[in-house]
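Undergrad:
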Amino acid sequence: MPRKILLVEDSSTVRQQVGMLLQGAGYGTLEADNGRDAVAAVAASKGDLAMIIADVNMPVMNGIEMIQSLRDRNLAAGVPILMLTTEGQPELIEKARKAGAKGWIIKPFKPDLLLAAVKKLAGEP
């Protein structure tokens, strides 16, 4: 099973923090700073992703639009998507869920909670 995770986040600080956490847990990481670049990264990954972690609010293409674009293009089928964002409105969470997000964590996050969600969504014990 692939252990590579795509981080989609416009904040370089958050990308660095999450990347270090995931790499410390044995995952490889790819990065994109907006949804459009993430769609291109997924297309280039050739099915080598365990999951995608994405922010909602980003320039160019937001996280929910990214999920819809991935699904419309039949990319990342079966790859779980975890939203990591400052947003907590129930209607936004439901919109992301309907688009295909499998989880939602609000920033600031607890590292152990994020790792537990990653392991669960990636199907690891």
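Per full-length UniProt numbering, residue 1 is the first one in the sequence shown, and the count goes up by one each step.
Ideal placement from N, C-alpha and C gives every residue a C-beta, glycine not left out.
In this text, all values refer to a predicted model and were calculated from it rather than measured experimentally.
Compute the distance between the beta-carbons of I115 and L6, then report whether it is under 8 Å.
TA: It should be noted that the sequence gives Leu, not Ile, for residue 115. Contact: no.
Undergrad: L49 by DSSP, collapsed to three states: which one?
TA: Three-state result, L49: coil.
Undergrad: Under 8 Å by Cβ, that's how I've got V79 and I52 pegged, so tell me the actual separation to the nearest angstrom.
TA: The Cβ separation is near 6 Å, so the contact holds.
Undergrad: Could you check which residue in V56, A77 and Q23 has the C-alpha nearest to that of P111?
TA: Closest by alpha carbon: Q23.
Undergrad: Count the other C-beta atoms from every protein chain shown that fall within 10 angstroms of the C-beta of T86, then say buried if there are 16 or more, exposed otherwise.
TA: Exposed is the call here.
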